[in-house]
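J.: With the working numbering applied, the sequence shown corresponds to residues 6 to 381, in that order.
Dropping the structure in here first, questions after.
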Amino acid sequence: MKQYDVIIIGGGPAGSMAGITLQKKGYKTCIIDKSAFPREKLCGGLLTLKTMELLRRECPAIDADHFIVKKTNLVHFYLESEQVATFQLKESCYLTERTLFDHTLIGEYRRNGGEVIENRRVKPADIHFTSQTLQTGTEIMGYRYLVGADGCNSVLLKRSGTNNHNYYCIEGTVPHDPERGDEMKIFFGVTGHGYGWQFPKEGYDCLGVGGANSDKSILEQAGSFFSQLGVEPDNRKGAPIPSGRHPDLSHLPGNTLLVGDAGGYTDPITGEGIYLALLTGLLAGEAIDVAIRKGSKSAAFHYAERVRPLQKNIAAALRLHKILYRPFILRWFMQHLRNRPSFGLFYLEKVIATNEYDYRNFIRAYFLKHRKVKAG
Ligand SMILES: Cc1cc2nc3c(=O)[nH]c(=O)nc-3n(C[C@H](O)[C@H](O)[C@H](O)COP(=O)(O)OP(=O)(O)OC[C@H]3O[C@@H](n4cnc5c(N)ncnc54)[C@H](O)[C@@H]3O)c2cc1C
6 MKQYDVIIIG GGPAGSMAGI TLQKKGYKTC IIDKSAFPRE KLCGGLLTLK TMELLRRECP
66 AIDADHFIVK KTNLVHFYLE SEQVATFQLK ESCYLTERTL FDHTLIGEYR RNGGEVIENR
126 RVKPADIHFT SQTLQTGTEI MGYRYLVGAD GCNSVLLKRS GTNNHNYYCI EGTVPHDPER
186 GDEMKIFFGV TGHGYGWQFP KEGYDCLGVG GANSDKSILE QAGSFFSQLG VEPDNRKGAP
246 IPSGRHPDLS HLPGNTLLVG DAGGYTDPIT GEGIYLALLT GLLAGEAIDV AIRKGSKSAA
306 FHYAERVRPL QKNIAAALRL HKILYRPFIL RWFMQHLRNR PSFGLFYLEK VIATNEYDYR
366 NFIRAYFLKH RKVKAG
């Protein structure tokens, strides 16, 4: 039986970052993925500045030119089809192809000596918590710690009998209109508890809708959104995305950690998940390292300590999300944004692009700053 310090299920951004962190600390790890890399992953591919900074800090050997396909700092907000505000950001947003991005990251994990088993789908019955083994096919692998990085429909969530609270996205592509600039468009009011997007990529635009399956199914909402824009996207596909509600993981053993989408880590307002996938992967790696050094079997306590601020921020975003996405409040807010775009710019630059403020303090910070500017 092959023995590992850590087995990681899933080699997306969360799994790769957990693996890179652990490999750099000298542990023996293995990533098991149901696909072979490079593989496709449905995603808008928007990388915020804080994501790029995290990558530069943790993986300085990675060359961003390998996966960045566009940069832009112009964002338009729409309410249905009506343009309400335009934001010129000081710093660029980055757009990637997930095929390239995830391949680069898992390549960095391999470069650090990590093992990868591809084309191997882990099933709930393959995991044996008591003997700390994982059986895939005829192979039995032993682990001290197990990391679930296998996305929204994680086998570990299934094993723990937890309901994962997901929203859904539909995405497709249209050829990029050369007359149009490289701006990003966000469309509010086109779906329940979410939004539509149009992001420029290399030679085409990625269009999508994400939100709750409310009174209308997300498929119908996507259909109405695409016809409102007068487009028929190719390769239309759907995928779940965490709603931000934290799954109950109390039934999982203390040496089992969930990172990224598997742990429900996305920003409930924007749906941004890549940053939190990388960050929770990193934090899980650090938590396991501390547990091993302290001789503790459980890493869950150390991980919980580290992710608590993220969970509090997500909980604050969820509260805001419930208020903001009520149709009459959304309309009022968009009207307000038209008259006061500085609020939107503050949010985009200080909360989304960077971590200068979070959902718990940015509204107060904005009004304090604004009052000072007026008084000055
Ligand atoms: C349509 C759409 C658009 C999005 N746009 C953005 C965006 O623009 N910016 C942003 O930041 N976020 C975006 N997100 C969210 C983002 O894609 C996720 O939050 C991010 O991919 C989470 O990374 P992860 O590593 O946790 O999971 P994933 O990227 O889902 O990786 C999970 C890995 O686990 C593997 N796996 C799954 N099940 C098994 C199994 N049973 N056995 C073995 N392997 C398994 C998969 O093959 C995959 O490689 C979007 C999501 C969707 C659906």
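The C-beta atom is built at its ideal place from N, Cα and C for all residues, glycine as well.
Note that the structure is predicted; figures quoted are calculated from it, not measured.
#1: Is residue 26 a contact residue of ligand 1, with contact defined as CB to any heavy atom under 7 Å?
#2: Could you give the C-beta distance for residue 348 and residue 371, rounded to a whole number, given that I count them as a contact under 8 Å?
#3: Compute every distance between the C-beta of residue 46 and the non-hydrogen atoms of ligand 2, then say whether any falls below 7 Å.
#4: Count the other CB atoms, across all protein chains shown, that sit within 10 Å of the CB of residue 61; report buried if there are 16 or more and exposed otherwise.
#5: Would a C-beta distance cut-off of 8 Å place residue 353 and residue 127 closer than the cut-off?
#6: May I ask you to list the residues that DSSP assigns as paired with residue 13?
#7: Should residue 222 be listed as close to ligand 1, given that the test is whether its C-beta is under 7 Å from any heavy atom?
#8: Please list the segments of the alpha helix (DSSP H) lying wholly inside the region 132-186, counting only runs of 4 or more residues, in order along the chain.
#9: Can you tell me where the beta strand (DSSP E) with residue 247 in it begins and where it stops?
#10: Per DSSP, what kind of secondary structure is residue 344 in: helix, strand or coil?
#11: Can you tell me the Cβ-Cβ gap for residue 149 and residue 260, rounded? I've got them flagged as a contact below 8 Å.
#12: Tell me whether the region 127-144 and the region 231-248 touch, counting them as touching only if at least three CB pairs, one residue from each stretch, are closer than 8 Å.
#13: Along the chain, which unbroken stretches of the alpha helix (DSSP H) at least 4 residues long are found entirely within the region 262-289?
#14: How is residue 198 classed by DSSP in three states: helix, strand or coil?
#15: Check whether the Cβ of residue 451 sits closer than 7 Å to any heavy atom of ligand 1, and report yes or no.
#16: Among the residues of its own chain, which have a CB less than 6 Å from the CB of residue 323, if the five just before and after it don't count?
#17: Terminal residues of the continuous alpha helix (DSSP H) containing residue 253?
#18: To the nearest angstrom, how far is it from the Cα of residue 314 to the Cα of residue 152?
#19: Determine contact between the region 328-346 and the region 289-297, defined as no fewer than three beta-carbon pairs at a distance below 8 Å.
#20: Grab me the residues of residue 2's own chain with a C-beta within less than 7 Å of its C-beta, minus the 5 sequence neighbours each way, in chain order.
#21: Compute the beta-carbon to beta-carbon distance between residue 98 and residue 78, rounded to the nearest angstrom, for a pair I have assumed lies under 8 Å.
#22: Out of 316, 65, 7, 282, which one is the CA nearest neighbour of residue 141?
#23: Per DSSP, what kind of secondary structure is residue 215 in: helix, strand or coil?
#24: Indicate, with yes or no, if ligand 1 has a heavy atom lying under 7 Å from the CB of residue 386.
#25: Within the same chain, show all residues whose beta-carbon is closer than 7 Å to that of residue 279, passing over the 5 residues directly before and after it, in chain order.
#26: Just curious, the alpha helix (DSSP H) that residue 232 is in, first and last residue?
#27: Please work out which residues of its chain come closer than 6 Å, Cβ to Cβ, to residue 24, disregarding the five sequence neighbours upstream and downstream, and give them in chain order.
#28: Got a sec, what are the start and stop residues for the beta strand (DSSP E) residue 55 sits in?
#29: Under three-state DSSP, which class holds residue 6?
#30: Figure out for me which residue from 194, 247, 299, 71 has the closest Cα to the Cα of residue 329.
T.: Quick look at the numbers:
#1: No, the beta carbon of residue 26 sits no closer than 7 Å to any heavy atom of ligand 1.
#2: The Cβ separation is near 6 Å, so the contact holds.
#3: This structure lacks ligand 2; its bound ligands are ligand 1.
#4: Looking at its Cβ environment, which holds fewer than 16 other Cβ atoms inside 10 Å, residue 61 is exposed.
#5: Cβ distance not < 8 Å, so residue 353 and residue 127 don't count as in contact.
#6: Assignment of beta-bridge partners to residue 13 by DSSP yields 36, 152.
#7: The answer is no for residue 222.
#8: If we require 4 residues or more, the alpha helix (DSSP H) runs fully inside the region 132-186 come out as 160-164.
#9: Element bounds for residue 247: 239-247.
#10: DSSP places residue 344 within a helical segment (H, G or I) once states are collapsed to three.
#11: Correct: roughly 7 Å between the Cβ atoms.
#12: Output reads no: the region 231-248 does not touch the region 127-144.
#13: If we require 4 residues or more, the region 262-289 turns out to have no alpha helix (DSSP H) run fully inside it.
#14: Residue state, collapsed to three classes: coil.
#15: In this structure the chain extends from 6 to 381, so residue 451 is not present and cannot be described.
#16: Answer for residue 323: 249, 273, listed in chain order.
#17: Segment: none, residue 253 is in no alpha helix (DSSP H) and carries neither H nor E.
#18: Distance between the alpha carbons of residue 314 and residue 152 is about 20 Å.
#19: With contact defined as three or more Cβ pairs closer than 8 Å, the region 328-346 and the region 289-297 are not in contact.
#20: The first residue shown for the chain is 6 and the last is 381, placing residue 2 beyond what the model contains.
#21: The C-beta distance from residue 98 to residue 78 rounds to 7 Å, short enough to meet the 8 Å contact threshold.
#22: Nearest option by C-alpha distance: 7.
#23: The three-state secondary structure of residue 215, taken from DSSP, is strand.
#24: For the chain, the structure presents residues 6 to 381; residue 386 sits outside this window and is missing.
#25: Within the same chain, residue 279 has close Cβ partners 18, 52, 56.
#26: First-last of the alpha helix (DSSP H) with residue 232: 223-234.
#27: Sequence-distant partners of residue 24 (beyond 5 residues in either direction) whose C-beta falls short of 6 Å from its own C-beta, in its chain, are 13, 34, 36, 114, 119.
#28: Careful: residue 55 lies outside any beta strand (DSSP E), inside the alpha helix (DSSP H) at 54-63.
#29: It is coil, neither helix nor strand.
#30: Between residue 329 and the set 194, 247, 299, 71, the nearest pair of CA atoms involves 194.
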